[in-house]
Amino acid sequence: MEQKIVRELDKIISGKHIKTVFQPIVSLRNGEIHGYEALSRVICQTDLANPEDLFHAALTYNRLRELDQLCRTTTLETISGKLTFDKKLFLNVNSLIINHDQFQLGFTSRFLKQYSLKPEQIVLEITERNSIADIDKFRKTIAHFKAENFHIAIDDAGAMYSGLNLINTIHPHYIKMDRRLIHNIDLGRLNFALIKGMTEFCRMSNIRLIAEGIETQSELMILIDLGVPYAQGYFLQKPDEQIKDIDAAIKRMITDCHKRKNNVFGTPSANSHISNICTPTEVVSKDTKVEDIFNKLKANPDAFGFCVVENERIIGMITKSHLTLQLSGRFGFSLYQNQPVSLLMDTDFIAVDYQMPINEVSRMAMSRPQEKLYDFIVVTKNDNYLGTVTIKDLLQKTTEIEVVKAKYENPLTGLPGNLVIEQKIRMCLSEKKTFGILYLDINHFKEYNDIYGFENGDCVIKLLADILVLHLPPGQFVGHVGGDDFVVILDDKDLKSYCSHVSSEFSRKVLHYYNPTDRANGYIVAENRWGVIEKFSLVTASVAGIRAKSQDFTSVLDLTEKLAKLKKKSKKLKDDNYLLIQS
1 MEQKIVRELD KIISGKHIKT VFQPIVSLRN GEIHGYEALS RVICQTDLAN
51 PEDLFHAALT YNRLRELDQL CRTTTLETIS GKLTFDKKLF LNVNSLIINH
101 DQFQLGFTSR FLKQYSLKPE QIVLEITERN SIADIDKFRK TIAHFKAENF
151 HIAIDDAGAM YSGLNLINTI HPHYIKMDRR LIHNIDLGRL NFALIKGMTE
201 FCRMSNIRLI AEGIETQSEL MILIDLGVPY AQGYFLQKPD EQIKDIDAAI
251 KRMITDCHKR KNNVFGTPSA NSHISNICTP TEVVSKDTKV EDIFNKLKAN
301 PDAFGFCVVE NERIIGMITK SHLTLQLSGR FGFSLYQNQP VSLLMDTDFI
351 AVDYQMPINE VSRMAMSRPQ EKLYDFIVVT KNDNYLGTVT IKDLLQKTTE
401 IEVVKAKYEN PLTGLPGNLV IEQKIRMCLS EKKTFGILYL DINHFKEYND
451 IYGFENGDCV IKLLADILVL HLPPGQFVGH VGGDDFVVIL DDKDLKSYCS
501 HVSSEFSRKV LHYYNPTDRA NGYIVAENRW GVIEKFSLVT ASVAGIRAKS
551 QDFTSVLDLT EKLAKLKKKS KKLKDDNYLL IQS
């Protein structure tokens, strides 16, 4: 058996029976391609067709370096001349390989040039972290590649505790979440909490988070809602031999989700992009003398600093306060005046994508150490320098956003509240057309809340809110009245299918918020409103809907009163969870 595996390995390597396929890594802010992960596949008949089996065998039988070199060369030959400069190429590199001196000597900018690639485009994705024996040497290796402008990613973060230590040791540019955390995130609260925490950690650490293994629309929507910036997976696009964009329908799904999040019916957005308050700041080169920087700041008292840019990319920044501190003292100015600014510039700064929501940037800025708390924020577009945002402008906009949220949004779900709902209904009535309007709440919610507590009750309310948004057709409206009550306004032709999808999906997913006994019984035992112990069915979504002709209603009050009466009727239904009527 052993000899057979070795022969198979040698056949694959000597015959170059490897091809490369590429899976896109997609921005969950705009649906654009951020880069591609290169994956190797065997193209001959063999028992080692599975990539994991192949690389495990290569490691076991001392063929890893040869196989790795074949896969990497095949990838570079395949993609040569096809990757635009603004896209990244993610290359999987075993930790044993990257730590080898031969790899460091051979994988250089000169080597990449023959394939029309630059180090800035390459992301070295570290695999098999448990094989790192000499962590000090590994740290120096990573520092070497960072200095050469390569980017570093850690694969399957969260799969083991050692991954957290490694993140702290090397501070990668990217972290890829273990796909097991993503699987069924829409059903499990523990995974949801873990990913939420990891997202916040990456924001604060200025690390880009990538979710792997997206297989369903529901998983995608929740990751967008959590603010995960990048993702890849079969739902977005399967690996392909060609460098392809994702399907237009998937891109539209991502942008539509953001439109629903970012547009609260004519009000300022609670998630306005940072580009809206970004302004250009004068840039300098790394060779600019410190004395020249000092004179510029002296001539312009309003200037707060400069960005140090090379090839359109920011490599550092110098603030007025930082420079003043460095030049203070008896010999400070004479010591540095003729030195390049690169000697004093700060390379540990916050740089954010121009589409990052302002509230996220604000959280990142406020989590910095005290000495950096008031440094300006750098904004980039496609990793190129775009401009800066001062803390004053950031705080002013954040305050405005919080006022808007308090006035227009429900604090639990972030959905439009009563004021916006009323305005939306009034607008629909004024347009003199037929439209659909739904009133939803949760059957037996009070009893569930009494038994399982308000925290679980809030989770169930948010589950329904997520499902309502997930299935909402583009351009339609969902609002949160309060408690477990919601209003949805949509085209009347979509009413029945929407109600059916929402009702069935909620009934299925809410089961995960019960203990095994109650789930098996199909009911809970609780006191009713009169203090009598009673059996109550598991919660379901109750939906009352009207195909409303605007001419049949004299006011918003007239319509909502009819909807409230219909809601009472819908709660008495035994077979269906929704009731639709004509106005």
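When the letters of the sequence shown are read in order and numbered with UniProt numbering, they come out as residues 1 to 583. Glycine included, each C-beta is placed from N, C-alpha and C at the ideal position.
Could you check whether Asp492 and Gly434 sit closer than 8 angstroms to each other, using their CB atoms as the reference points? Here residue 434 is taken as the residue at index 434 of the sequence shown, counted from 1. Here residue 492 is taken as the residue at index 492 of the sequence shown, counted from 1. Position check: residue 434 holds Thr in this sequence, whereas Gly was assumed. Cβ distance < 8 angstroms, so Thr434 and Asp492 count as in contact.
Determine the direct distance from the alpha carbon of Leu395 to that of Pro280, and round the result to whole angstroms. Locating residue 280 in the sequence shown gives position 280, where the first residue counts as 1. Locating residue 395 in the sequence shown gives position 395, where the first residue counts as 1. About 18 angstroms.
Quick one, are the C-beta atoms of Ile277 and Asp136 less than 8 angstroms apart? Residue numbering aside, residue 277 sits at position 277 when the sequence shown is read from its first letter. Residue numbering aside, residue 136 sits at position 136 when the sequence shown is read from its first letter. No, the Cβ-Cβ distance between Ile277 and Asp136 is not below 8 angstroms.
Using 8 angstroms as the cut-off, can you tell me whether the stretch 352 to 367 makes contact with the stretch 324 to 338, which would need three or more C-beta pairs spanning the two stretches below that distance? no
Thinking just about the alpha-carbon of each residue, which of Ile97, Asp225, Ser80, Lys432 is nearest to the one in Leu59? Against the sequence shown, residue 59 aligns to sequence position 59. Answer by Cα proximity: Ile97.
Between which residues of its own chain and Met160 is the CB-CB distance below 6 angstroms, once the five residues before and five after are set aside? Start at 1 with the first residue of the sequence shown, and residue 160 comes out as number 160. A caution first: Met160 carries a pLDDT of 49, below 50, which makes its placement in the model unreliable, though a value can still be read off. Cβ within range, chain order: n/a, list empty.
Does the stretch 240 to 248 come close enough to the stretch 194 to 208 to have 3 or more Cβ pairs within less than 8 angstroms? no
Measuring CB to CB, does Pro55 end up less than 8 angstroms from Ser95? Within the sequence shown, residue 55 is the residue found at index 55, counting from 1. Within the sequence shown, residue 95 is the residue found at index 95, counting from 1. The residue asked about is misnamed: residue 55 is Phe in this sequence, not Pro. Against a cut-off of 8 angstroms, the Cβ pair of Ser95 and Phe55 comes out as no contact.
Whole angstroms is fine: what's the gap from Thr540's alpha carbon to Leu226's? Along the sequence shown, one-based indexing puts residue 540 at 540. Along the sequence shown, one-based indexing puts residue 226 at 226. The straight-line gap from Cα to Cα measures roughly 25 angstroms.
Count the other CB atoms, across all protein chains shown, that sit within 10 Å of the CB of Pro24; report buried if there are 16 or more and exposed otherwise. By 1-based counting over the sequence shown, the position of residue 24 is 24. Looking at its Cβ environment, which holds 16 or more other Cβ atoms inside 10 Å, Pro24 is buried.
Looking at the structure shown, is Phe265 part of a helix, part of a strand, or coil, going by DSSP? Along the sequence shown, one-based indexing puts residue 265 at 265. Here the model assigns Phe265 a pLDDT of 47, short of 50, so the residue's position is not dependable, and the following value carries that caveat. Phe265 falls in the coil class under three-state DSSP.
My guess is that Ile222 and Asp484 are in contact by the Cβ rule of under 8 angstroms, so how many angstroms apart are they, rounded? Within the sequence shown, numbered from 1, the residue matching residue 222 stands at position 222. Within the sequence shown, numbered from 1, the residue matching residue 484 stands at position 484. No, Ile222 and Asp484 are not in contact; Cβ-Cβ is about 20 angstroms, not under 8 angstroms.
Range of the contiguous beta strand (DSSP E) that encloses Leu39: As a first step, residue 39 is located in the sequence shown; it is residue number 39 there, counting from the start. Unbroken beta strand (DSSP E) run through Leu39: 33 to 42.
Beta strand (DSSP E) segments (min. 3 residues) lying fully within the UniProt domain "GGDEF" (433 to 583): Qualifying beta strand (DSSP E) stretches, in chain order: 434 to 443, 477 to 482, 485 to 490, 523 to 527, 533 to 537, 540 to 549, 578 to 582.
Quick check on Arg426: buried or exposed, where buried means 16 or more other Cβ atoms within 10 Å of its Cβ? To locate residue 426, count along the sequence shown from 1; it is residue 426. With fewer than 16 other Cβ atoms within 10 Å, it is exposed.
Kindly identify the DSSP beta-bridge partner or partners of Phe90. As a position in the sequence shown, residue 90 is number 90, starting the count at 1. DSSP lists Glu37, Val123 as partners of Phe90.
Contact belief for Leu91 with Leu83 at Cβ below 8 angstroms, rounded distance in angstroms: Walking along the sequence shown from the start, residue 91 turns up at place 91. Walking along the sequence shown from the start, residue 83 turns up at place 83. Between Leu83 and Leu91 the Cβ distance is about 12 angstroms, and since that is not below 8 angstroms, they are no contact.
Kindly indicate the opening and closing residues of the beta strand (DSSP E) around Pro24. By one-based count along the sequence shown, residue 24 stands at place 24. Its beta strand (DSSP E) spans residues 18 to 27.
Is it right to say Arg203 is buried, meaning 16 or more other beta carbons lie within 10 angstroms of its own, or is it exposed? One-based indexing of the sequence shown puts residue 203 at position 203. It is buried - the Cβ of Arg203 has at least 16 other Cβ atoms within 10 Å.
Please determine, among Thr199, Asp441, Ser342, the residue with the shortest C-alpha to C-alpha distance to Gly479. Here residue 479 corresponds to residue number 479 of the sequence shown, with the count starting at 1. Taking only the C-alpha atoms, the option nearest Gly479 is Asp441.
Could you pull out every unbroken beta strand (DSSP E) segment of at least 3 residues lying fully inside the stretch 352 to 426, listed in chain order? 377 to 381, 384 to 389
Specify the secondary structure class of His100 as computed by DSSP and reduced to three states. Numbered from 1 along the sequence shown, position 100 holds the residue referred to as residue 100. Here His100 sits in coil by DSSP.
Cβ-based burial, Ala270 [other Cβ within 10 Å; buried from 16]: Indexing the sequence shown from 1 puts residue 270 at position 270. Unreliable placement is indicated for Ala270, whose pLDDT of 44 sits below 50; no coordinate value is reported for it.
Closest Cα partner of Ser537 within the set Ile170, Leu557, Asn528: Translated into positions along the sequence shown, residue 537 becomes position 537. Out of Ile170, Leu557, Asn528, Asn528 has the C-alpha closest to the C-alpha of Ser537.
Rounded to whole angstroms, what is the Cα-Cα separation between Leu236 and Pro51? In the sequence shown, residue 236 corresponds to position 236, counting from 1. In the sequence shown, residue 51 corresponds to position 51, counting from 1. Spanning the two alpha carbons is a distance of roughly 21 angstroms.
Buried versus exposed, by CB contacts within 10 Å (16 or more), Ser40: Translated into the one-based positions of the sequence shown, residue 40 becomes position 40. By the neighbour-count rule (16 or more Cβ atoms within 10 Å), Ser40 is buried.
Straight-line CA distance for residue 587 to Phe145? Only positions 1 to 583 of the chain appear in the structure, and residue 587 is not among them; the question remains open.
Of the listed residues His273, Val6, Thr20, nearest to Ser14 (C-alpha basis): Looking up residue 14 in the sequence shown gives position 14. For Ser14, the nearest C-alpha among the options comes from Val6.
Restricting to Cα atoms, I'd like to know which of Ile195, Thr169, Ile185, Gly475 is closest to Lys176. Walking along the sequence shown from the start, residue 176 turns up at place 176. Checking every option, the nearest Cα to that of Lys176 belongs to Ile195.
With a threshold of 7 angstroms on Cβ separation, who are the neighbours of Phe304 within its own chain once the five nearest residues in sequence on each side are excluded? Along the sequence shown, read from residue 1 onward, the residue named residue 304 stands at position 304. Hits under 7 angstroms: Thr319, Lys320, Phe376, Thr390.
Take Gly197 as the anchor and find which of Tyr174, Thr169, Val228, Gly213 has the nearest alpha-carbon. Translated into the one-based positions of the sequence shown, residue 197 becomes position 197. Minimum Cα distance to Gly197 is reached at Val228.
Assigned secondary structure, His258 (DSSP; H/G/I helix, E/B strand, else coil): By 1-based counting over the sequence shown, the position of residue 258 is 258. Helix, per DSSP.
Beta-bridge partners of Asp346, as assigned by DSSP: Start at 1 with the first residue of the sequence shown, and residue 346 comes out as number 346. In the DSSP output, where bridge partners are listed per residue, Asp346 has Met317.
What distance in whole Å lies between the Cβ atoms of Phe150 and Pro172, which are believed to be in contact at a cut-off of 8 angstroms? Along the sequence shown, one-based indexing puts residue 172 at 172. Along the sequence shown, one-based indexing puts residue 150 at 150. The Cβ separation is near 11 angstroms, so there is no contact.
Does the contact criterion of 3 or more C-beta pairs under 8 angstroms hold for the stretch 506 to 519 versus the stretch 543 to 554? no
List the whole-angstrom C-beta distance separating Asn384 from Glu312, where the pair is believed to meet the contact cut-off of C-beta under 8 angstroms. One-based indexing of the sequence shown puts residue 384 at position 384. One-based indexing of the sequence shown puts residue 312 at position 312. Right, the Cβ-Cβ distance comes to about 4 angstroms (below 8 angstroms), so this counts as a contact.
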